[in-house]
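**Q** Here the protein sequences come in this chain order: A and B.
With the numbering used here as the guide, the letters of the first sequence map in order to residues 1 to 417.
With the numbering used here as the guide, the letters of the second sequence map in order to residues 1001 to 1550.
Ideal Cβ placement from N, Cα and C applies to all residues, glycine included.
Fair warning: this is a prediction, and the values are worked out from it, not measured in the lab.
Take a look at the following structure, please.
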Amino acid sequence: MMQLRLTDEGRKYLERGLPEKNLIELLKKSPLKMDEAKKKIENFSIALQWAKKKKWVQVKDDKLFLIKEPGTIAEQEALKKISQGKEIDPKLLEILMFRKLVEKEREVEQKAKKLVGKEVLVLTPELIKTGLWQKVKFRPYNVQFPGKKIYPGKRQPYNQFLLHVRQKLVELGFKEMVGPIIETEFWNFDALFQPQNHPARDWAQTYSLKYPKYGRIPPKKIVNRVRATHENGWTTGSTGWGYEWDVKKASRLIPRAHDTAISPRYLAKDAEIPGKYFNIVRCYRPDVIDAMHGVEFNQTGGIVVAEDLTFKNLLGLLKQFAFEIAGAKKIKFYTDYYPFTEPSCQISIKHPKLGWMEAAGAGIFRPELTEPLGVKEPVIAWGFGIDRLAMHALNINDIRSLFSRNLEWLRNQKVVR
Amino acid sequence: MPTIDVSYKDLCRLIGRKIELNQLRDYVLYAKGEIDAVDGDLLKIEIKDTNRPDLWSAEGIAREIKGRITKNKGLPKYRLGKSKVVVKVDKKVSKVRPLTVCAVVRRLKINEDVLSQMIQLQEKVSVTFGRNRKEVAIGAYDLHKIKPPIRFTTVKPDGIKFVPLEFTEELTPREILKKHPKGKEFGHLLKDCKEYPIFIDSVGNVLSLPPIINSDYTGKVTEKTRDLFIECSGFNFKFLMPALNVIVTALADRGAKMQTVKVVYPDKRMNTPDLTPKKSFVDVDYVNKVSGLGLTAKQMCKLLEEARYKIRLKGKRIEVVYPAYRQDIMHQRDVIEDIIISYGYNKIEPVIAKLATIGSMDDKEVFSNTVSDVMVGLGFQEILSYTLTNKVNIFKKMNLKQEKVAEIGNPVSLNWNVFRNWMLPSLIEFLSNNQHVEYPQRIFEVGDVVVLDEKQETKTRDIRKLGCVIADTKVSYEQISSALDALMVCLGVKYELKAVTNTSFISGRVAEVLVNKKSIGFIGEVHPKVLTNWNLEMPVAGFEIGLEEL
């Protein structure tokens, strides 16, 4: 059986009377001016439309006259009957449906009705719409149940950590430098005043390339200065290394062995003075792979170039890194050696969790490095060992886990905060 | 960097006073050292400077500390006498190991500490400074077992027999290279030689087969040995001279007497070692410009003397004289660092330079992050892979013909000997490592691949790429293409997909991704043959696009 119910509008007219009925009642007393009637009757246009249609009223000289007084109004009676659940004349129903005063109840709503007074599991849109939610009880759940496990999309934690470091360095005013993965020995070593065929170049084991073997050397002006500096110090005030520099060796290609390979390219061309630069790049060395040595690794470093920089500023820079990035509680400076800086320094920090650890190193680039590249100002070069901090942030002991191949671990790993 | 073992007591004795361990930790900074570990009397000291072999012994460390804390300042004084020992260098060695410099050290009081320091220093100098004995090999011998003159000559691989150190049987050089542990370790240094270098005395006793091993008879130094003959052999006096100086001055610091040896080459004669101090200078203003310490010339002079320089102030310039065991001073800067070290790094107030610079991340990095964030929003887990891989992974397993790629000549492992030239193999390898993990697996990586490019200075070009795969019991082309579409809509990039053939994917289910009519990558369902090659039992669909074209 079809269930009918009044719409909101229908319920309103049931209580307050249909607009046309109210109009008739008003006109029974006396004719009225149009705008007066408009003020007094709610939904006046609906009232007028239906009263005219039924030929109960007439408009003359902007005045409304009652021309026929109806007895009972069938629609008003029908509304009452429907509200009582009684049946009405189908033609009348059609009119009421047309006037959107009555609507048919859907099956789900009927079902919802059946739930009245019962305990329900699911709150449905129908229960909400019909207001029947007020008449049901909701079965309590086990609210301690955490739900089925889902795996959100997430950033790789080491990458996320590196992003934090990048952002921190940007906040400190550093601009990011980039360079090619495969680099000529010229930029990797020669431009850094690392002599060819000399023990001093052996500080880093490097990969060689089987293919491609040789790259192109930069413009002659720079190459000739670098050559002269290696051979006899050029005009830098240095003795030089005192050997015959080989351009062929300098043009050999190798996978970038250290991040400092990037700095001389910027010093030769793009560096702004004053300038603060950083890089976080992949480097390659033929280390035996173990818990502390991966196949590849990232190095974080950079340069600061400005007039009148001194060793005091170098210490200031290291101190800033220690407190701002590494979260140091205490610091200590160590004498140190880097093949392309003089003087050089290392900073150790007291980390709140890890205790004393080496954190960063820096030095002032040798003039044999900067002057051939056309830079007269002092350049502080720095490197920052962030992998240990990353391992701490990721709660891992094996450096290879930074590049984890374990999906379950990645899924369950906390985000870096 | 060399890490050396030093006896705490011995070091204190060399310095001349007892020093508390915590105090010593600060003092070793003067020798660019750091105490890494303490085990009873044994200190493990890491010396940072790889270009200062003179610091790689208890004697060397003591020299630097003494200059700073005792009255023992200025140039260390050494007496050099003359021995009657002659070394004749045969023309034949010019082809195999052309040069040697030698010395005699007498009246050495050898005890356990002296012996262990001597052996250690010899080892560190020849390994770290002498490039694993290639440039510098060092031998020390009991002088009393040698009958000079000594000849430095060559022999055929089977031309002589002697008992090598720590052995009991006589072996020919060829046999030593095969059987003796040092022969196995250093034999490659004589690989292409038809004859081998040899030190031999006037009665035919072999001293050594450099750079491999001493003879057991002459070359065994014990606590009973009093007088030593020492030689360094190699190719370049620039390395040999300082190496010899470092060894003999360390022994002289123990109270031994040094004497020269006459080395006679076919075309020249020389007396070695040469301990003549060397000269350099610093300008007072430049010292302050670099250090920022605002020192007076007088203060500088004092700090230089503490660093074992002899000084002479000439107006605005300080002339310095430094010991012959140092070979690292090329520029004023090298001297300035010694001034700052004497001053003490931890006594200097760090000053943060106030520079008006604007920080920024590289554009490529910024965009990579944006793309990664969109991929995370689409429910993908980011992974990180090595750029090194192997040809099997990027070609054979992917059902592709092999092409040229950037390849390493001296790989540590054949698993990692080429640079990846595309991303998907890294992702599929990841999937194959995680088959026990709950599906669906949705992963992505933003990273670099290396492609060959003749036009580039480095003959290669790095391309920043996005790779993305879905693996599940049911995976369709539509799933992956709707992920790509969502990404492109987010980035506001108009693109087209064009059907192509690619043997890594199922025919008819692979397309090229075109942006502005240019191909930036591809998308498709991975070929079952590829899946089988990776032992994968789940279907996989994926895409890979270059980010630089977006």
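Consult DSSP for B/Glu1544 and reduce its assignment to one of helix, strand or coil.
**A** In the structure shown, B/Glu1544 sits in a strand (DSSP, three-state: E or B).
**Q** Compare the C-beta of A/Arg411 against all C-beta atoms of chain B and say whether one is closer than 8 Å.
**A** At least one chain B Cβ lies under 8 Å of A/Arg411.
**Q** Note the first and the last residue of the continuous alpha helix (DSSP H) segment covering A/Trp187.
**A** Residues Glu185 to Asn188.
**Q** How is the beta strand (DSSP E) around B/Val1513 delimited, first residue to last?
**A** First-last of the beta strand (DSSP E) with B/Val1513: Phe1505 to Val1515.
**Q** Let me know the secondary structure DSSP gives B/Thr1460 once reduced to three states.
**A** Strand, per DSSP.
**Q** By the three-class DSSP mapping on this structure, what secondary structure does B/Ala1471 have?
**A** The answer is strand: DSSP assigns B/Ala1471 an E or B state.
**Q** For A/Leu192, which residues in chain B fall below 8 Å Cβ to Cβ?
**A** Here the premise fails: no neighbours, minimum Cβ distance about 14 Å.
**Q** Leaving out five residues before and five after B/Arg1133 in sequence, what residues of the same chain have Cβ atoms less than 6 Å from its Cβ?
**A** Excluding residues within five positions, the ones whose Cβ falls inside 6 Å are Ser1126, Phe1186 and Pro1211.
**Q** Closer than 8 Å, CB to CB, is B/Leu1029 near chain A or not?
**A** Answer yes: the Cβ-Cβ gap between B/Leu1029 and chain A drops below 8 Å somewhere.
**Q** Looking only at its own chain, which residues have a Cβ that is under 7 Å from the Cβ of B/Glu1195, when we skip the five neighbours before and after it?
**A** Lys1092, Val1096, Thr1154, Val1155 and Lys1156, listed in sequence order.
**Q** What three-state label does DSSP hand A/Gly215 in the structure shown?
**A** Correct three-state label for A/Gly215: coil.
**Q** List the residues of chain B that A/Ile349 touches, going by C-beta distances under 9 Å, in chain order.
**A** Simply none; closest approach about 13 Å.
**Q** DSSP on B/Ala1499, reduced to helix/strand/coil?
**A** In the structure shown, B/Ala1499 sits in a strand (DSSP, three-state: E or B).
**Q** Residues of chain A with CB closer than 8 Å to the CB of B/Val1290, please, in chain order.
**A** Chain A residues near B/Val1290: Thr310, Phe311, Pro343, Ile364 and Pro378.
**Q** Give the straight-line distance between the Cα atoms of A/Val102 and A/Thr130, rounded to the nearest whole angstrom.
**A** Taking the straight line joining both Cα atoms gives about 15 Å.
**Q** Between A/Arg417 and chain B, is the shortest Cβ-Cβ distance under 8 Å, so that the two count as touching?
**A** Not one chain B Cβ lies under 8 Å of A/Arg417.
**Q** Near A/Asn412, what residues of its chain come up, given a Cβ to Cβ distance below 6 Å and the 5 sequence neighbours on each side ignored?
**A** So no residue of the chain qualifies.
**Q** Any chance the stretch 117-131 of chain A sits against the stretch 88-100 of chain A, with 3 or more Cβ pairs inside 8 Å?
**A** With a cut-off of 8 Å, the stretch 88-100 of chain A and the stretch 117-131 of chain A do not count as touching, because too few Cβ pairs lie within range.
**Q** Buried or exposed: where does B/Asn1433 fall if 16 or more other Cβ atoms within 10 Å of its Cβ makes it buried?
**A** By the 10 Å Cβ count, B/Asn1433 comes out exposed.
**Q** For the alpha helix (DSSP H) holding B/Glu1059, just list the boundary residues, first then last.
**A** Note, B/Glu1059: alpha helix (DSSP H), Ala1058 to Ile1069.
**Q** Give the residues from the stretch 112-145 of chain A that approach chain B closer than 8 Å (Cβ to any Cβ), ordered along the chain.
**A** Cβ contacts with chain B come from no residue of the stretch 112-145 of chain A.
**Q** Starting from B/Asp948, trace the alpha helix (DSSP H) both ways and give me its first and last residue.
**A** Here chain B covers residues 1001 to 1550 and nothing more, so residue 948 of chain B does not appear.
**Q** Between the Cα of B/Arg1107 and the Cα atoms of B/Gly1542, B/Leu1228, B/Pro1197 and B/Phe1543, which residue gives the shortest distance?
**A** The candidate whose alpha carbon is nearest that of B/Arg1107 is B/Leu1228.
**Q** For A/Ile273, which residues in the same chain have their Cβ closer than 7 Å to its Cβ, ignoring the five residues on either side in sequence?
**A** Within the same chain, A/Ile273 has close Cβ partners Val305, Ala306 and Glu377.
**Q** Hey, could you find the ends of the beta strand (DSSP E) B/Asp1328 is sitting in?
**A** Looking at the DSSP string, B/Asp1328 is not in any beta strand (DSSP E), and its letter there is neither H nor E.
**Q** Mind listing the chain A neighbours of B/Phe1522? Cutoff is C-beta to C-beta under 7 Å, in chain order.
**A** Ordered by position in chain A, no residue passes the 7 Å Cβ test against B/Phe1522, which lies about 22 Å from the chain.
**Q** Looking at chain B, which residues of the stretch 388-414 of chain A have a Cβ within less than 9 Å of any of its Cβ atoms?
**A** Flagged, chain order: Leu402, Phe403, Ser404, Arg405, Asn406, Leu407, Glu408, Leu410 and Arg411.
**Q** Check for me: the beta strand (DSSP E) holding B/Asp1448 runs from which residue to which?
**A** Counting along the chain, the beta strand (DSSP E) containing B/Asp1448 begins and ends at Gln1441 to Leu1452.
**Q** Using 10 angstroms around the beta-carbon of B/Ala1037, count the other beta-carbons present and answer buried if the total reaches 16, otherwise exposed.
**A** Exposed: under 16 other Cβ atoms inside 10 Å.
**Q** Under 8 Å by Cβ, that's how I've got A/Ser344 and A/Ala359 pegged, so tell me the actual separation to the nearest angstrom.
**A** With 8 Å as the limit, A/Ser344 and A/Ala359 do not qualify as a contact, their Cβ atoms being about 15 Å apart.
**Q** Distance check for A/Phe384 and B/Leu1207, CA to CA, integer angstroms please.
**A** Roughly 49 Å between the two C-alpha positions.
**Q** Verify whether the separation of the beta carbon atoms of B/Ile1480 and B/Gly1542 is less than 8 Å.
**A** Cβ atoms of B/Ile1480 and B/Gly1542: closer than 8 Å.
**Q** Distance check for A/Leu132 and A/Met1, CA to CA, integer angstroms please.
**A** Any answer about A/Met1 is weak, because its pLDDT of 46 lies below 50 and its placement is not dependable; what the coordinates show is given next. In a straight line, the C-alpha of A/Met1 is about 20 Å away from that of A/Leu132.
**Q** Taking 8 Å as the threshold (beta carbon to beta carbon), is B/Glu1382 in contact with chain A?
**A** Yes, B/Glu1382 counts as interfacial toward chain A.
**Q** Could you pull out every residue in the same chain whose Cβ sits closer than 7 Å to the Cβ of B/Asn1421, ignoring the five residues on either side in sequence?
**A** Within the same chain, B/Asn1421 has close Cβ partners Ile1394, Val1405, Val1449, Val1450 and Val1451.
**Q** Name the DSSP beta bridge partners of B/Cys1193, please?
**A** According to DSSP, B/Cys1193 bridges with nothing at all.
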